[in-house]
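K.L.:
Here you go, one structure.
Protein chains: 2
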Amino acid sequence: MGIKERKLQEKSEMRELIQKTAMNLFLEKGFENITIRHIAEKIEYSPATIYLYFKNKDEILYILRREGFEDLYRRQKDSLKLKDPLKRLLKHGEAYVSFALENPQYYDLMFMMRSPSTRTKEMNDMDIGLQSYELLKNNIKECMEKGLFPGVNIDVAAFSLWSYVHGIASLIIRGRGIMFPEEGINDMIKGALNFLLEVIPDKLDSKKRSMNLSS
Amino acid sequence: MGIKERKLQEKSEMRELIQKTAMNLFLEKGFENITIRHIAEKIEYSPATIYLYFKNKDEILYILRREGFEDLYRRQKDSLKLKDPLKRLLKHGEAYVSFALENPQYYDLMFMMRSPSTRTKEMNDMDIGLQSYELLKNNIKECMEKGLFPGVNIDVAAFSLWSYVHGIASLIIRGRGIMFPEEGINDMIKGALNFLLEVIPDKLDSKKRSMNLSS
DNA sequence: TATAATAAATAAACAATGTTAAGTAAGTGA
DNA sequence: TCACTTACTTAACATTGTTTATTTATTATA
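Respectively, the protein sequence lines represent chains A and B.
Going by this note's numbering, the first sequence opens with residue 1, and the numbers climb by one from there.
Going by this note's numbering, the second sequence opens with residue 1001, and the numbers climb by one from there.
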């Protein structure tokens, strides 16, 4: 039965088309300005058609969010290449922030937007976000094994560091970076990431201060 | 002409009634679930009446946001009572986070929500948010005068610390605190605020580690 | 006090939104 | 050819923010 398969293929192609079109429109005009009718118009189908492929608007958001989580995870895995745990941790943070700033709409969707009502979907989100979190925890653990963050609970450390990079990213995405006229945004970010580093006690070697943060 | 004044009084009373009712509904059901018609129904006027007192829905949000900024500033000024600059800075952060967590809807409105289209209003926001930011900068400056944060640009330091507390607050408000089963949220927050402290090099006295963070 | 002018409130409509139910057209299997 | 399933659309629904025209109440003037 090759027909059944072709039908399935077409079905998933259509889903992808809708998804991709939706994201392009979102990136272009921002989420709240895009309606089901806009998407429908763009792909030249009727609005109702979209509901044959997605339960509702939230499901489209959910799919895109998942995509974002996957992309973020991919980037963060790059940090694993570095052997020095502190450098790796820094790279991890850099990857996080640069993902956020290069894909502000995705980041918004993933971490800033109030999630829509549905609860079952939420849970899945958590699961996929969790692998990024585990990566972070592993990085931290290795730092601890080298004597960094003495006496700190690992979950506290993870949450703290996550808070830090999330704070940087989300403030800038919401335009709060304007508060600083003197410095460019990029310098501010580099400075902020370095700030924590500057402030970390000299438990390891002391090359830190000269470490370069360019992504 | 006592009548003119009474009219004005009535007008502003009505504005306040709408404002207060709106906020109560928001606190109760969340922003996105409250409509102009809901507010109108609650105060037993027609929806159109609200437009005699507010330009549009965004203006109501704007007023509430301003209220929030004022409240936050008030709380943060409390930190000025402390003489030790590091303790004061910590208190400042505590005030910020506890404001956020005790008034998550306000905090959302002020720092997390994507701002509505209007631009002129935005600017005013900035002005009022700016005084909180200046307070932070002053605290940091005094810390620096005592040798803390050596070699760090003051704006970078301010942005970094702000990012940190904002990250903590906004992650928790968006329910990302669930990631940690072992610890209670409150312990996590205290831990996070302490984290930075633990990590700050011993440039000042060394009472830090035993410092209590209870608000 | 009667009437004109002003202010306050409303009813009714508008266009846009997400979503659904009923209907149509096309493709698939016998 | 004829039933049946699939893909799609049309048209409607209720709800949203907002505006226009109209009515009701209040104040000022004669």
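All residues carry an ideal CB built from backbone N, CA and C; glycine is no exception.
In chain A, what lies closer than 7 angstroms to B:S1163 by C-beta?
P.N.:
Result: Y164, G167, I168, L171 and A192.
K.L.:
Thinking C-alpha only, which one of B:F1159, B:Y1073, B:A1100 and B:Q1076 is nearest A:F195?
P.N.:
Closest option to A:F195, Cα to Cα, is B:F1159.
K.L.:
Can you list the residues of chain B that A:M188 reaches, using a CB-CB cut of under 7 angstroms?
P.N.:
Here the neighbours are V1156 and F1159.
K.L.:
Cβ of B:M1112 less than 8 angstroms from any chain A Cβ?
P.N.:
So yes, B:M1112 belongs to the interface.
K.L.:
Going by beta carbon distance, what residues of the same chain come within less than 6 angstroms of A:K91, once the five residues before and after it are set aside?
P.N.:
Counting only Cβ-Cβ distances below 6 angstroms, and skipping sequence neighbours, we find S79 and L82.
K.L.:
With the cut-off set at 8 angstroms, would you say A:Q9 and A:I63 are in Cβ contact?
P.N.:
Cβ atoms of A:Q9 and A:I63: not closer than 8 angstroms.
K.L.:
Tell me the DSSP secondary structure of A:Y45 in three-state form.
P.N.:
A:Y45 falls in the coil class under three-state DSSP.
K.L.:
Buried or exposed for A:L52, please, with buried defined as at least 16 other CB atoms from any protein chain shown within 10 angstroms of its CB.
P.N.:
Answer is exposed; the Cβ neighbour count stays below 16.
K.L.:
How many whole angstroms separate the CB atoms of A:A157 and A:V97, which I take to be in contact at a CB cut-off of 8 angstroms?
P.N.:
Between A:V97 and A:A157 the Cβ distance is about 18 angstroms, and since that is not below 8 angstroms, they are no contact.
K.L.:
Suppose only complete runs of 3+ residues qualify. What are the beta strand (DSSP E) ranges in the segment 1124-1157 of chain B, listed by chain order?
P.N.:
List check, beta strand (DSSP E) in window: nothing returned.
K.L.:
Would you say B:R1065 reaches chain A, if we count a Cβ-Cβ gap shorter than 8 angstroms as a contact?
P.N.:
No, its Cβ sits nowhere closer than 8 angstroms to a Cβ of chain A.
K.L.:
Any C-beta of chain A sitting closer than 8 angstroms to the C-beta of B:F1195?
P.N.:
Yes, because at least one Cβ of chain A sits closer than 8 angstroms to the Cβ of B:F1195.
K.L.:
Check the Cβ-Cβ distances between B:V1097 and every residue of chain A, and say whether any is below 8 angstroms.
P.N.:
Not an interface residue.
K.L.:
State yes or no: is the C-beta of A:I173 within less than 8 angstroms of the C-beta of A:P104?
P.N.:
Yes, they are a contact pair.
K.L.:
Which same chain residues, not among the five before or five after A:Q76, have their C-beta less than 7 angstroms away from its C-beta?
P.N.:
Result list for A:Q76: H92, A95, Y96, S132 and L135, in chain order.
K.L.:
Is the CB-CB distance between B:G1129 and B:F1069 below 8 angstroms?
P.N.:
Yes; because the gap between Cβ atoms is below 8 angstroms, this pair is in contact.
K.L.:
So, with DSSP's three-state summary, where would you put A:S12?
P.N.:
In this structure, A:S12 counts as helix in the three-state DSSP scheme.
K.L.:
Taking the alpha helix (DSSP H) that B:F1099 falls in, what are its first and last residues?
P.N.:
Its alpha helix (DSSP H) spans residues P1085 to E1102.
K.L.:
Would you verify that the beta carbon of A:E59 is, or is not, closer than 8 angstroms to some beta carbon of chain B?
P.N.:
No - not a single Cβ of chain B is within 8 angstroms of the one on A:E59.
K.L.:
Take the Cβ of B:R1088 as the centre, count every other Cβ of all protein chains shown within 10 Å, and call the residue buried at 16 or more, exposed below.
P.N.:
Answer is buried; the Cβ neighbour count reaches 16.
K.L.:
Taking all protein chains shown into account, decide if B:P1150 is buried (16 or more other Cβ within 10 angstroms of its Cβ) or exposed.
P.N.:
B:P1150 is exposed by the Cβ-count criterion.
K.L.:
If the criterion is Cβ atoms closer than 8 angstroms, does the pair B:L1161 and B:L1109 meet it?
P.N.:
Contact: no.
K.L.:
Throw me the rounded Cβ distance for the A:F99 and A:D71 pair, which I believe falls under 8 angstroms.
P.N.:
Rounded, the Cβ-Cβ distance is 7 angstroms, consistent with contact.
K.L.:
I'd like the list of long-range same chain contacts for B:R1209, defined as Cβ closer than 6 angstroms, with 5 residues on each side in sequence excluded.
P.N.:
Caution is warranted here: a pLDDT of 37 is assigned to B:R1209, below 50, making its placement in the model unreliable, and no coordinate value can be reported.
K.L.:
Are the C-beta of B:E960 and some C-beta of chain A separated by less than 8 angstroms?
P.N.:
Here chain B covers residues 1001 to 1215 and nothing more, so residue 960 of chain B does not appear.
K.L.:
With DSSP as the reference, label B:T1035 as helix, strand or coil.
P.N.:
DSSP places B:T1035 in coil when its eight states are reduced to three.
K.L.:
Given that B:N1024 touches chain A, what residues does it touch there, using C-beta distances under 8 angstroms?
P.N.:
What B:N1024 touches in chain A: nothing, since even the nearest Cβ is about 19 angstroms away.
K.L.:
Between the C-alpha atoms of A:I154 and B:P1047, what's the straight-line distance to the nearest angstrom?
P.N.:
C-alpha separation (whole angstroms): 52 angstroms.
K.L.:
Is the beta carbon of A:Y73 closer than 8 angstroms to that of B:Y1164?
P.N.:
Their beta carbons are not under 8 angstroms apart, which means B:Y1164 does not touch A:Y73 by this criterion.
K.L.:
Residues of chain B with CB under 9 angstroms from A:M174, in chain order?
P.N.:
Correcting the residue identity first, residue 174 of chain A is Arg in this sequence and not Met. Near A:R174 (Cβ distances below 9 angstroms), the residues of chain B are F1111, M1112, M1113, R1114 and S1115.
K.L.:
State the Cα-Cα distance for the pair A:I39 and A:M14, rounded to the nearest angstrom.
P.N.:
Roughly 12 angstroms separates the two Cα atoms.
K.L.:
Less than 8 angstroms between C-beta atoms, sequence neighbours within five positions excluded: which residues of the same chain meet that for B:N1033?
P.N.:
Closer than 8 angstroms at the Cβ level, and outside the excluded window around B:N1033, lies no residue.
K.L.:
Excluding the 5 residues flanking B:N1024 on each side, which residues of the same chain have their C-beta closer than 7 angstroms to its C-beta?
P.N.:
Nothing meets the Cβ criterion.
K.L.:
For B:L1027, which option in B:K1190, B:Y1106 and B:E1145 has the closest C-alpha, if you only look at C-alpha atoms?
P.N.:
Considering only alpha carbons, the answer is B:Y1106.
K.L.:
Assign A:S163 to one of three DSSP states: helix, strand, or coil.
P.N.:
It is helical.
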